[in-house]
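As structure tokens, the structure follows; a few thoughts come after it.
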Amino acid sequence: MEQEFASSLLENAVRELSRLPGVGRKTALRLALHLLRRDESEGVALGQAIIDLRQGIRYCSVCHNISESEVCPVCASPSRDRSTVCVVENVRDVMSFENTGQYRGLYHVLGGLISPMDGVGPDMLEIDSLVERVAAGDITEVILALSATMEGDTTNFYIFRKLAPFTDLRITQLARGMAVGNEIEYTDELTLGRSLLQRTLFTDSFRS
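Structure follows, in structure tokens:
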């Protein structure tokens, strides 16, 4: 049975905070009470930051990374290698690769992985837009940089099949320096950077 509060304002705050990932009602209550104990300006600043985030952030029209403009800074940068595209699951993975300092190409954010058990099919991901980018003709290598999980492997193979008609395209994947089952965002930067630099042809995985 959920705890009821004397204040409807507190109840509303707890309810909304508990919608956040990993935040239960007890943690939400602690956060709400913490904000009440702090100076009012801190709560206002937090609220404004969230409003600014929701109203100011959009998704890049090219790679689907988060951006404050139509095209993200990575896609807009003239110093990036425009012939190479690293395919990742989500925005957090872009941040992880950027933190390695080992990659100077572009990205393509899928927005998830194929997972029939969770009702996620290929049509729900940004796969068709990846094919369109490759079809434009400027890309010579696609790096499949998805997590070493069943869903990641399934998505890798599906993308490989979709890109197979582009015979001049080099399709690679991260070197298996990461343990099977590991997700990109939880892999340390050194291992991630090494896996990127030592990437292999995707077809090599058929022979292993």
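If you read the sequence shown in numbering that gives the first Met the number 0, its first letter stands for residue 0, the second for the next number, and so on.
The beta carbon of each residue, even a glycine, is placed where N, CA and C say it ideally should be.
Query                                                                                                                                       : Result
Going by beta-carbon coordinates alone, are R132 and H107 separated by less than 8 Å?                                                       : yes
Between V141 and V87, how many whole angstroms is the CB-CB distance? I'm expecting something under 8 Å.                                    : Rounded, the Cβ-Cβ distance is 12 Å, inconsistent with contact.
Three or more C-beta pairs under 8 Å: does that hold for the region 96 to 107 against the region 39 to 49?                                  : no
For I113 versus L129, is the C-beta spacing smaller than 8 Å?                                                                               : no
Taking the C-alpha atoms as reference points, what is the distance between A134 and K161?                                                   : 11 Å
Measure from the alpha carbon of F159 to the alpha carbon of each residue in R24, V22, A12, T202, then state which is nearest.              : T202
Starting from G46, trace the alpha helix (DSSP H) in both directions and tell me its first and last residue.                                : 39 to 55
For the beta strand (DSSP E) that I138 lies in, which residues bound it at each end?                                                        : Where I138 is concerned, there is no enclosing beta strand (DSSP E), given that its DSSP letter is neither H nor E.
Determine the direct distance from the alpha carbon of S7 to that of D122, and round the result to whole angstroms.                         : 42 Å
Return the Cβ separation of D92 and A144 in integer angstroms, given the expectation that the two are a contact with Cβ distance under 8 Å. : 7 Å
Classify L195: buried if its beta carbon has 16 or more other beta carbons within 10 angstroms, exposed otherwise.                          : buried
Strictly by DSSP, which residues pair up with V73?                                                                                          : According to DSSP, V73 bridges with nothing at all.
Where I219 and L9 are concerned, what is the direct C-alpha to C-alpha distance, given to the nearest angstrom?                             : For the chain, the structure presents residues 0 to 207; residue 219 sits outside this window and is missing.
Going by the DSSP bridge assignment, what does G104 pair with across the sheet?                                                             : D80
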